[in-house]
Each structure stands twice: as structure tokens, then as C-alpha cells.
Amino acid sequence: KDPFYDSWVVIAGIYTIFVILGSFFFSAGYGKFNDPRFGFELDPRLGWWLMELPATLSFSYFYWTSPKAWEPQRLFCAFLFLRHYANRGWFFPWSIRVAKGKKASFSVSVIAFGVFFTSLHGYFNGLWFAKHAPGLSEISWFYSPYFIIGYPMYEIAFWSTLHSEYIQRNLRDPRKNNDTAYKIPYGGLFDYVTNATYFGELMAWLGWALWTRSPGGVFVFAVSFANLFPRAFKQHEWYQKKFENYPKNRKVIVPFLL
76 KDPFYDSWVV IAGIYTIFVI LGSFFFSAGY GKFNDPRFGF ELDPRLGWWL MELPATLSFS
136 YFYWTSPKAW EPQRLFCAFL FLRHYANRGW FFPWSIRVAK GKKASFSVSV IAFGVFFTSL
196 HGYFNGLWFA KHAPGLSEIS WFYSPYFIIG YPMYEIAFWS TLHSEYIQRN LRDPRKNNDT
256 AYKIPYGGLF DYVTNATYFG ELMAWLGWAL WTRSPGGVFV FAVSFANLFP RAFKQHEWYQ
316 KKFENYPKNR KVIVPFLL
């Protein structure tokens, strides 16, 4: 039992409820849906990096200070978390191609909420893998149906997201500093849905929640769903209005279904 950890799980649950309720009224203020009402704006590369950085820092502190941190099973879990945020928190932000002179589009209020979220995310997972995950010291933990189903789901979705991000990143020619035009992405899951990266991210965190069986997994999936699912419909509508030749057979976020 860890009353302090449990208290933060309750706080995270309350935060999640507010995010879900808020998603009915507005989309997070970044990218093409940035809103000046969300406050001062930063370069999206800096904004993303600042928002995602606490996940790595928080996880590292709470995981590596545990005497059990070097157990092989726990190291495997830590590797997966740190690998995820090596991309999400470090490579992805600084690989965004921003046209020279383009207006800042990442609101500081979004960063503030994001810092709270990613700090908790790192804290929950770091302590879960280092201390609270029941039976993680036993190899049988990896034979459970939760792991057998959830881990492959996570891996497939993780690599799918990387591929979708690669496609999106290369829509903008790096040789042209003034390339500001939006383009229709093609290839991979983009042939089936408008929001391929959102679908991959949500499936990855659903898989994560299953195989870790952790409060942190449920937390990150619920908040990500509340943010990305409504935004996906707004983005689909934006593309349909922006491009007359937008593929009519593309679904919003779930291939063949939705």
C-alpha cells in the first residue's frame, strides 16, 4: 500500500474527468487549431519538447532510485517507456519541419496542462515498474493473457505511429524553407484514415494499459482518447473542406469502421 501514490491516482482520475468534459467544448490549442485565447504561443518544436520532457525526467527519477531497478523484467519495462519518450519527447519535437518565419502555434496553457499530465504519467509508470506492479519480479508475469495480447498491440501501434509521423514529416520539403502549404498524406494507414497518427497513438496506449495493468496506463489512454478522438473528427472535416479532391473513402480514425 502506498497512500501517496493512491492519492495521486485519485487526482489523476479527477483530472481525466475534466479533460473529458472539456473535450466537448474545445480542442487543445496547438497546430492548425491553435487559438490565441489559450495564451502566449511558442514555436511548436519548443512547445512539444517542453510538454513531453517531464515524462522522461519523472519516470527516470522514480524508477532509477528503486533498489529493484536492475531486475531484468523491470529493466525491460523501463526500456519500453524510455524508448517511447526518446521518440515522443526528443526526436519527434525537433524533427517537426516548421517553415521559416511561420507564426508560433503552440500555446503555453497547453504546455502547462501537458507538463502536469506527462509528469504524472512518468511518476505512475516509474513507481509501478519499480515497486507496485504485482508479480513483476516473476517471469510468469510475461505469460499472462494481458501481456500476450497487450504487448504486441503496443509494439505494432508504436511502429505504425512512427511510420505515419514519417509520412507527415516528409509532406514538407526540407529544402524549401518557405514550404507552408498543407498537403494530403498518402501511404500506410493514411490510405484508410485521416488521423493515422492518432489511431496509432491510441492503440499503443490501449495496449500499454493492458500489458502493464497499471493506473498510469489507464490514465494516459483515457486522457489521450479525450483529447485525440474529438480532435480527429474536427481534423477530418478540415481536410474535406480544404481539399476538393480529398479521398472520400477515408474514415476519420478507425480503418474501415469510423
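Counting along the sequence shown from 1, when you hit position 257 you're at 332 in my numbering, and nothing is skipped either side.
Don't be surprised by glycine CBs; every beta carbon is placed ideally from N, CA and C.
Here the structure is a predicted model, which is why all the values come from computation and not from measurement.
Item	Value
For my contact list, Y267 and F331 are in at a C-beta cut-off of 8 Å; report their separation, rounded to the angstrom.	7 Å
Helix, strand or coil: how does DSSP classify V173 here?	coil
Quick check: the segment 207–226 against the segment 272–290, are there 3 or more CB pairs under 8 Å?	yes
Return the bridge partner residues of L117 from the DSSP annotation.	F181
Would you report the Cα separation of F216 and Y226, rounded to the nearest angstrom?	In the sequence as presented, Phe is not what sits at residue 216; that position holds Trp. Answer to the nearest angstrom: the Cα atoms are 12 Å apart.
Using CA coordinates, which residue listed in S239, W139, F151 is at the minimum distance from G51?	Past the edges of the chain, shown from 76 to 333, lies residue 51, and the structure says nothing about it.
Is the shortest distance between the beta-carbon of A232 and the beta-carbons of chain C less than 9 Å?	Protein chain content of the structure displayed is limited to a single chain, and chain C is not contained in it.
If distances are taken between C-alpha atoms only, which option among V293, A271, I186, W203 comes closest to L281?	V293
Please identify the residue among K326, I95, R247 whose C-alpha is closest to the C-alpha of R172.	R247
Run through the segment 245–295 for me and flag every whole alpha helix (DSSP H) of 4 or more residues, listed as ranges in chain order.	271–287
Would you mind reading off the limits of the alpha helix (DSSP H) that contains A161?	147–161
If we ignore side chains and look at the alpha-carbon of each, how far apart do I95 and I86 end up?	14 Å
Might you give, ordered along the chain, the residues of its own chain that have their beta carbon closer than 6 Å to the beta carbon of L150, omitting 5 neighbours on each side?	none
Take the Cβ of P168 as the centre, count every other Cβ of all protein chains shown within 10 Å, and call the residue buried at 16 or more, exposed below.	buried
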